[in-house]
Amino acid sequence: MDSPWDELTLAFSRTSMFPFFDIAHYLVSVMALKRQPGAAAVAWKNPLSSWFTAMLHCFGGGILSCVLLAEPPLRFLANTTNILLASSIWYIIFFCPCDLVSQGYSFLPVQLLAAGMKEVTRTWKIVGGVTHANSYYKNGWIVMIAIGWARGAGGTVITNFEQLVKGGWKPEADEWLKMSYPAKVTLLGSVIFTFQHTKHLAVSRHNLMFLYTMFLVATKITMMITETANVPFAPFEDTLSRMLFGWQQQFSSCEKKSETKSSFNGTGSSTSKPIAVASDTVKKKHTKKTE
Amino acid sequence: MDSPWDELTLAFSRTSMFPFFDIAHYLVSVMALKRQPGAAAVAWKNPLSSWFTAMLHCFGGGILSCVLLAEPPLRFLANTTNILLASSIWYIIFFCPCDLVSQGYSFLPVQLLAAGMKEVTRTWKIVGGVTHANSYYKNGWIVMIAIGWARGAGGTVITNFEQLVKGGWKPEADEWLKMSYPAKVTLLGSVIFTFQHTKHLAVSRHNLMFLYTMFLVATKITMMITETANVPFAPFEDTLSRMLFGWQQQFSSCEKKSETKSSFNGTGSSTSKPIAVASDTVKKKHTKKTE
Amino acid sequence: MDSPWDELTLAFSRTSMFPFFDIAHYLVSVMALKRQPGAAAVAWKNPLSSWFTAMLHCFGGGILSCVLLAEPPLRFLANTTNILLASSIWYIIFFCPCDLVSQGYSFLPVQLLAAGMKEVTRTWKIVGGVTHANSYYKNGWIVMIAIGWARGAGGTVITNFEQLVKGGWKPEADEWLKMSYPAKVTLLGSVIFTFQHTKHLAVSRHNLMFLYTMFLVATKITMMITETANVPFAPFEDTLSRMLFGWQQQFSSCEKKSETKSSFNGTGSSTSKPIAVASDTVKKKHTKKTE
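Protein chains in written order, with this note's numbering: chain H, 1 to 291; chain C, 1001 to 1291; chain W, 2001 to 2291.
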């Protein structure tokens, strides 16, 4: 039982996120905020608004899970230490003279280290969310998955929503329609840890945390080095979608009839869109098949 | 007391919604979702987003009432049975080969049956909402009306809101400004059941449930057969509005002065709008009077 | 201890808001709503929607603080007296023949009296919010500031949000980016009362309430008489921003390099915006200096 492997993973699963990993998370989040065009100007014109946005970037996942569980969304403001930590990082990044931080952050190794540590915090958030949701709903495994997902990747939802309220919404940055890589991998991890929590997965949690974190960090760093926004999930997704929705071909072939039948619902342009998408998805699959 | 009529209504008010009426409700909701242009394409491109939208269409009213009462909006995910039921209906409707379901649903009798059963669930939702709100606020009859209304017709609000977040918002589908027929009839029912609950209406609940449900089903089916989106409420609304806001004529006649006086607030175009609307409402009333 | 001054401030801090000051608050809020172009037309077409908007204008701050603390947003509907009071004021203002109320309200003394009394309620709301938040989080002083701020000035946030949902959103009326005067002064008061509550400010609460209210009323009335939307805060803000973000000059001078370096993020237009804003802020500061 207490093999060196178990000791290693146990020690790993007991590491505290507080000082260093949280700092890395805040650093990456606020840098991502500053990369947005116009963010620096907002920080001058109205520092309070910029600070608020930075807090949303840093604590968005927790806020979303609080909203979904009807807990006070302001709870994240209650642990003053993290707020002050994130605020000071926001202050340094935005108002450091000749923004040395951005210059230092522009070196690749720093980015790799920070991104890797941020991915570690993701695992902790997912596990915390799953456990927290289980304390509410004993066997509501769907809720556990949702809360783990929200804690791990909900920041983007909150941020998009805030941009929507601010009026600076970019509909192509929509998180619902095309899931980003973090959303996908967090959903996967949330499912895994939920099944582990409900004893459907006969793996000890610390081993699972270690392996999942290693997977997260490895994929993230490889993606950053090779600069591919795409994901190693494509084949799995393709097989899964073919397994679940495998009759898309004949479906879409029948679809044209029913589309045209029910085309009184929308303008021609809007109804022509789905057909086009359908046909090109079909085309893609055909090309995949012919390979 | 135990007349056959009472026995009938009691038995009716004790019918469980669970298997069949819920199925009808999910069927109608998801079919309404699929009728939207582009919904089928979204279901292919990102099934998760489509599933989420379908769940919002099926459980929107409950989610809204949870939000208004600060209960976890994810509670609807906790009763796994209904989720799996709705999910399977969503799956069948969207991914059935040569979508047989849509073809079968396109027959009018099926639509009538499903719509009628969905209207039955509306009554149960209103009564549940009123009772639930009463457990929070003993004599907050406004809250009871609001919660009953939200449970019965809040799905459209949630759906519009989700479309807003998704960027696919159609402002002419706005639910606030022009209330749809379900919103109106649900508000009426919520008021009725609230007054019955606060003993201001000397009718036994099961009789009221039976009569209101019959009224709902009858109006819905007649509207579907005669294909009139308009409502048998027009005369009542007209008398009510004339009773409450009867001095619109002289009001609007004075309005022009004050409008022009306070026209420094907005651009000429925006201030000219209300006057135009006012005058044509006045015109309508005049024509009504002359008839 | 019981000097006449203390007796005066104690008696002042014990005045009840209920009948008169609340009426003034509702009057000012609903009149502000009616001043919006198109509001009167909405009140005719759909009185319910107009009533809902009026309630949001009257109780927005409380609703926002309820949302932030995960309390039922419908709680404001539970105290029926205030609802009926605000509803009757809404009814009188919108449907009074030859809208006498607007005509009477157009006299300056009436406006001054109502606005002054509304400012008094602001102090009470801030104190109530701070005390209420302290009952949740013992030493979460950030939460106390936020809740006090939300109760005092959150109505605009709720109103903007409602306009956003309604589709009638004006992005130049954005409350996040450029804080209005009420938002600023309420934030100041919330900070003051929070520090007084956490014993960091050695002033008795009733004195503080009296002085802050006098400050509120005086500034508000002077602003209304001199019709200046700008604030007596400009010099303090300038010194504060120069103290905190004083290196904006050299920051912005370096900024151009890093901007151009990281200009692959956005289109040229969007990245040129911040530089322009930065430079003109720098220009403004230079002119200020040269004076």
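The beta carbon of each residue, even a glycine, is placed where N, CA and C say it ideally should be.
Would you identify the three-state DSSP class for C/E1071, choosing helix, strand or coil?
-> In the structure shown, C/E1071 sits in coil (DSSP, three-state: anything other than H, G, I, E or B).
- Item | Assigned exposure category for W/R2014 - 16 Cβ within 10 Å defines buried | If you draw a 10 Å sphere on the C-beta of W/R2014, you find fewer than 16 other C-beta atoms in it, and that means exposed.
Tell me the rounded alpha-carbon separation between H/P4 and H/Q36.
Using only the alpha carbons, I get a separation of about 45 Å.
Handout entry: Min CB distance H/L188 to chain C below 8 Å
Key = No, because no Cβ of chain C sits closer than 8 Å to the Cβ of H/L188.
Between the alpha carbons of C/N1296 and H/S16, how many angstroms are there, rounded?
Because chain C is modelled from 1001 through 1291, residue 1296 of chain C falls outside the range shown and cannot be assessed.
- Task: Using three-state DSSP, classify W/S2013 as helix, strand or coil.
- Result: W/S2013 falls in the helix class under three-state DSSP.
* To do: Compare the C-alpha of H/A40 against each of H/V203, H/R242, H/C98 and name the closest.
  => Measuring from the Cα of H/A40, the nearest candidate turns out to be H/C98.
| message | At the level of alpha carbons, what is the spacing between W/S2252 and H/W44? | response | Since pLDDT at W/S2252 reaches only 49, below the 50 mark, its modelled position is unreliable, and no value is offered.
**Q.** Cα-Cα separation, H/L64 to C/L1201
**A.** The alpha-carbon of H/L64 is positioned some 42 Å away from that of C/L1201.
Listing by chain order, which chain W residues have their CB less than 9 Å from the CB of C/Y1137? Residues of chain W with a Cβ closer than 9 Å to the Cβ of C/Y1137 are, in chain order, P2072, L2074, R2075, L2077, A2078.
Relative to the C-alpha of H/Y181, which candidate in H/A234, H/T121, H/A24, H/M117 has its C-alpha closest? Nearest option by C-alpha distance: H/A234.
>> Does any residue of chain C have a CB that is nearer than 8 Å to the CB of W/L2033?
In response: Using a CB distance cut-off of 8 Å, W/L2033 does not count as an interface residue toward chain C.
Practice item. With DSSP as the reference, label C/T1186 as helix, strand or coil. Key: The answer is helix: DSSP assigns C/T1186 an H, G or I state.
Review point. Cβ of C/L1068 within 7 Å of any heavy atom in the ligand SAM?
Key: This structure lacks the ligand SAM, and indeed carries no ligand of any kind.
(request) Could you name each continuous alpha helix (DSSP H) segment of 4 residues or more that falls completely within the segment 203 to 238 of chain H, going from the start of the chain to the end? (result) Taking 4 residues as the shortest admissible run, the segment 203 to 238 of chain H contains the following complete alpha helix (DSSP H) segments, listed from N- to C-terminal end: 205 to 226.
### Query
Could you check where the alpha helix (DSSP H) with W/L2077 kicks off and where it finishes?
In the DSSP annotation of this structure, W/L2077 is not part of any alpha helix (DSSP H), being labelled neither H nor E.
Residues of chain H with CB under 7 Å from W/F2245, in chain order? W/F2245 reaches chain H at W44, P47, F95, counting residues in chain order whose Cβ is nearer than 7 Å.
message = Only counting the same chain, and skipping five residues up and downstream in sequence, which positions put a Cβ closer than 6 Å to that of H/F12?
response = Around H/F12: F210.
- prompt: In chain H, what lies closer than 9 Å to W/G2140 by C-beta?
  reply: In chain order: L74, R75, L77, A78, N79, T80.
Beta-carbon proximity check, H/I145 vs H/S190, cutoff 8 Å: Yes, the Cβ-Cβ distance between H/I145 and H/S190 is below 8 Å.
Q) Should W/I2083 be flagged as near chain C, meaning a C-beta pair shorter than 8 Å? A) Chain C, which has a Cβ nearer than 8 Å to the Cβ of W/I2083, makes this yes.
Determine the burial state of H/E119: buried for a count of at least 16 other Cβ atoms within 10 Å of its Cβ, exposed for fewer. By the Cβ neighbour-count rule, H/E119 is buried, with 16 or more other Cβ atoms within 10 Å of its own.
Quiz item: If C/L1077 sits next to H/G140, beta carbons under 8 Å apart, how far is it from one beta carbon to the other, in whole angstroms?
Solution: Indeed they touch by this definition, with Cβ atoms about 6 Å apart.
Nearest by alpha-carbon distance to C/L1010: which of C/F1245, C/D1238, C/S1204 is it? Ranking C/F1245, C/D1238, C/S1204 by Cα distance to C/L1010 puts C/S1204 first.
**Q.** Proximity to H/Y212 [Cα-Cα], best of H/H197, H/M224, H/L188, H/N46
**A.** Minimum Cα distance to H/Y212 is reached at H/L188.
Open item on the list: Check whether chain C comes within 8 Å of H/V130, counting only Cβ atoms and requiring the distance to be less than that.
Closed with: Judged by the 8 Å Cβ criterion, H/V130 is not in contact with chain C.
Report task. Kindly say whether W/L2056, judged by its beta-carbon, lies nearer than 8 Å to any beta-carbon of chain H. Result -> No, because no Cβ of chain H sits closer than 8 Å to the Cβ of W/L2056.
Name the residue from W/S2088, W/F2021, W/L2108, W/S2029 whose alpha carbon lies nearest to the alpha carbon of W/W2124.
Selected option, being the one with the closest Cα: W/F2021.
Contacts that H/V143 makes with chain C (C-beta to C-beta distance below 7 Å)
Proximity of chain C to H/V143 at the Cβ level (cut-off 7 Å) is accounted for by L1074, L1077, A1078, in chain order.
Pick from H/V30, H/T131, H/N46: whose alpha carbon is nearest that of W/D2238?
-> H/N46 is the residue among H/V30, H/T131, H/N46 whose C-alpha sits nearest the C-alpha of W/D2238.
TODO: Assign H/E7 to one of two classes, buried (16 or more other C-beta atoms within 10 Å of its C-beta) or exposed (fewer than that).
DONE: H/E7 should be labelled exposed.
Quiz prompt | Whole-number beta carbon distance between H/S50 and H/V42, since they are thought to touch under 8 Å | solution = Confirmed, about 5 Å.
| Taking just the CA atoms, how far does W/A2024 sit from C/I1023? | Spanning the two alpha carbons is a distance of roughly 51 Å.
Of all Cβ atoms in chain W, is any one closer than 8 Å to the Cβ of C/A1146? It does; some Cβ of chain W falls within 8 Å.
Check: Looking at the unbroken alpha helix (DSSP H) that takes in W/Y2105, where does it start and where does it end?
Finding: Residues 2100 to 2105.
So, at 8 Å on beta carbons, what are the nonlocal neighbours of C/Y1136 in its own chain, with the 5 sequence-adjacent residues on each side left out? Within its own chain, the residues whose Cβ lies closer than 8 Å to the Cβ of C/Y1136, once the five positions on either side in sequence are excluded, are L1069, V1143, listed in chain order.
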